[in-house]
Each structure stands twice: as C-alpha cells, then as structure tokens.
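Undergrad: The opening residue of the sequence shown carries number 631 in our numbering; numbering runs sequentially from there.
Cβ coordinates follow ideal geometry from the N, Cα and C atoms, glycine included.
Below is a structure I'd like to ask you about.
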Amino acid sequence: MQDEFLKLNQEVTDAVAQVTDLEALEKLRVEFLGRKGKMAELMKQMSGLSDEERRVVGVVANQVKGQIEGVFGEVEGRVHKAHEAQRAHEEWVDVTEPSIPPTRFGSLHPVTQVREELEDLFTSMGFLVLDGPELESDYYNFTAVNVPPAHPARDMQDTFYVGGQQNRVMRTHTSSMQVRAMKTHGVPLRMVSPGRCFRNEATDVRHEHTFHQLEGVVIDRGIHFGHLKGVLEAVAKHLYGEDTEVRLRPKFYPFVEPGVNGEVTCFLCKGKGCRLCKKTGWLEVFGAGMIHPNVLKEGGVDSSDYSGFAFGFGLTRLVMLKYGIDDIRHLEAGDLRFLKQF
Ligand code: DAH
C-alpha cells in the first residue's frame with residue numbers, strides 16, 4: 631500500500647506540473663484531495679490492514695498527503711503569479727503617450743465677449759460694474775428716471791407689464807439702474823451696468839423682445855458735457871480704432887437734459903458712406919446726456935452741488951455691427967450653427 635501512496639504522489643506531481651490555470655488546478659484538487667478523491671479512496675482501503683501495517687502505512691500516507699497539499703499550494707502560487715503578469719501585460723497603458731487634443735467644448739456668446747471687453751475698459755477707467763434686476767419695479771424703470779405714470783414717453787418703449795402689487799415690469803432699458811446705483815453707492819459715482827432688457831416688440835430682423843444694453847453713470851462736482859464726450863470717444867476709439875470720431879446730435883430722452891443721440895464713424899467705410907451706415911458715414915450706437923435734476927433728486931443727490939452724465943449703449947447692436955450679423959433674432963435663438971462661429 632505504501633507503493634500506492636508513493637505512486638499517487640508521483641501522479642499528482644506530474645498532473646499538477648502541466649497546469650496553467652486555476653480552474654484546472656481546482657479540478658485536480660477535487661480529483662485527488664476531494665472527499666471522494668483518490669487520496670480518500672486509498673485511506674479507506676487502509677481499514678483492511680492489520681494494526682501493525684496500518685501504523686507503518688499511516689506514516690507514509692500522512693507524509694504523502696502533506697506533500698501533495700504542499701505541491702498544490704506551490705502550483706497555485708505559480709499560476710496566480712502568471713495570471714497577474716498576464717493581466718498587467720494586457721492592461722498596460724502608456725502614460726507617456728501624447729493625448730488626443732480635446733474637441734471644442736464651447737465658447738462665450740458674442741454678446742458676453744463684447745460685454746466683458748467693455749467691462750474691462752470701464753473698470754480700467756475706475757467704473758464700478760453693477761448687476762441689476764431684470765424683473766424691475768415700475769418705479770425704477772420709469773418713474774425714478776423722470777417718466778411718471780401716464781407720461782407720453784412711456785409709449786417710446788413697448789413694455790411687458792407683469793403687474794402684481796409691486797407693479798412689476800420686465801425692464802425696458804438698463805437706465806433702471808441709474809437711481810438704484812445712486813441710492814446704493816451715493817456720490818461721487820462712476821458705474822456701468824450691463825444686462826438684458828425686454829420689450830413687447832413684433833420681432834423682425836431689427837427688433838427682438840430680448841436684447842442687451844450697457845448703462846453708464848458718472849456723477850461728481852463739476853461734471854459737464856465735455857466729460858461725457860471724452861468718455862464716449864475713449865470707448866468708441868477702443869472699440870473701432872483711433873481714427874473713430876463721435877458725433878452727438880440732440881435727441882429727447884426724459885432722463886437727461888440736454889439729451890443726445892450718439893453716433894460713431896462707420897468702421898466699415900471709414901465715414902465715406904456704405905450699406906452698413908445707410909450712406910451716412912455714421913452708425914448710431916448710444917443715447918446719452920446730462921442727468922436730469924429730477925433723476926438726481928430721486929437718487930438723493932443734490933443737483934445744486936452735483937452734476938452728472940448718463941449713457942446707454944445698445945450692446946446687442948454693437949455685437950451685430952462688429953460681426954456683421956444681419957438678423958438680431960440669431961442672438962437669442964440658441965442655434966448651435968450660429969453660436970459655434972464665435
Ligand atoms: N434708455 C435709453 C433707451 O433704452 C438709452 C439711453 C439714452 C440711456 C440716453 C441713457 C441716456 O442713459 O442718457 O433707449
């Protein structure tokens with residue numbers, strides 16, 4: 631019987647040497663060491679031996695069993711290692727390989743680009759940049775800037791009246807920020823406030839219910855019309871180049887006196903006259919004027935001591951001129967074919 635154990639030992643060693651994966655090894659383990667395996671089979675046969683024989687064979691059997699278990703452990707370690715090496719090889723990543731350049735993730739809306747450019751310019755001249763509510767009270771949008779209820783000037787702007795107790799409107803212009811800024815920051819004051827405005831328009835290539843403006847206010851002692859022109863010229867030259875001129879012509883706005891309509895030299899034809907400027911050589915881009923005493927008063931500013939000017943740029947219009955956009959409705963449409971061009 632001893633021989634049979636030794637034979638089994640050899641058999642196991644040979645079989646196990648061929649094994650390359652853990653599954654096959656497990657099968658062999660069942661075959662040899664399992665409850666009904668070959669080892670158990672031999673052990674069972676030992677019951678037919680005499681006590682003396684069983685003692686001798688038992689020693690060998692235990693030795694062989696220990697050896698077989700040892701061999702299985704060893705092989706298991708070896709197969710496992712080989713497995714890991716294989717996996718490391720298959721999953722190998724070259725971290726030094728140059729990356730695939732990212733595709734475009736997006737870009738800033740052209741209105742945002744021009745707005746940020748103007749914010750930088752005004753900040754460099756010491757202006758605050760203020761944010762204001764789009765849903766505004768009737769008071770700040772109209773009454774505070776010298777347009778009391780039932781005033782005919784309200785007809786200049788088709789308004790979305792939201793109503794409610796506060797008499798809310800969607801602000802029709804950023805001039806709604808004039809008196810807010812005076813009340814919040816006091817004087818002297820230098821601020822710009824860009825933002826969305828809304829009008830109840832029948833839309834076409836030049837009219838849209840949602841558009842952007844940029845308001846500016848400067849108030850201090852001794853501010854006069856020359857300051858107004860100087861600041862607006864600096865802006866125009868920054869936007870359209872050093873040889874750009876500014877032309878101011880009288881126009882009525884209720885919140886300023888005198889009020890002007892501001893034009894800049896057409897950047898396309900340099901003032902010669904073309905399709906863009908409708909042969910006039912000038913492009914209308916802002917309204918401005920000296921702040922009306924009634925407006926200063928609403929802002930708590932003493933108009934016998936302080937004076938100031940205000941201006942309002944059509945930000946959307948600047949963008950359309952800059953990029954040659956011929957239909958204002960593209961700007962709010964969210965059409966990627968349009969937006970991807972910026
Ligand atoms: N709020 C005016 C508009 O929307 C633009 C404007 C004109 C603003 C004259 C001003 C100004 O500050 O002084 O048409």
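1. Give the DSSP bridge partners of N891, in chain order.
2. Would the C-beta of S805 count as close to the ligand DAH, meaning under 6 Å from any of its heavy atoms?
3. Do L663 and A645 count as a contact pair if the criterion is CB distance below 7 Å?
4. Using 6 Å as the cut-off, classify the Cβ of V925 as near or not near the heavy atoms of the ligand DAH, replying yes or no.
5. Quick one: is the Cβ of A774 within less than 6 Å of any heavy atom of the ligand GTP?
6. Counting only runs that start and end within the segment 837-875, where is the alpha helix (DSSP H) found for 4 or more residues in a row?
7. Just confirm the distance between the C-beta atoms of V759 and Q808, as a whole number of angstroms; I'd bet it's less than 8 Å.
8. Which same chain residues, not among the five before or five after R836, have their C-beta less than 7 Å away from its C-beta?
9. Taking the C-alpha atoms as reference points, what is the distance between A940 and V886?
10. Using CA atoms only, rank isn't needed, just tell me which of R879, V690, F882 is closest to N639.
11. For the putative contact between F752 and V822, defined by C-beta atoms under 8 Å, what is the C-beta separation to the nearest angstrom?
12. What span of residues does the beta strand (DSSP E) with L819 cover, start to end?
13. Under 7 Å between the Cβ atoms of L913 and C907?
14. Would DSSP call L966 helix, strand or coil?
15. Whose C-beta lies closer than 8 Å to the C-beta of L636 among residues of the same chain, with five residues either side of it excluded?
16. E893: buried (16+ other C-beta within 10 angstroms of its C-beta) or exposed?
17. So, under 8 Å CB-CB, R801 and E764 are touching, yes? Tell me the CB distance rounded to an integer number of Å.
TA: A quick look at the data gives this:
1. R879, G917
2. yes
3. no
4. no
5. Ligands displayed in this structure: the ligand DAH; the ligand GTP is not among them.
6. 855-870
7. Not a contact, Cβ separation roughly 15 Å.
8. I958
9. 8 Å
10. V690
11. 5 Å
12. 819-828
13. yes
14. helix
15. V690, V694
16. buried
17. 6 Å
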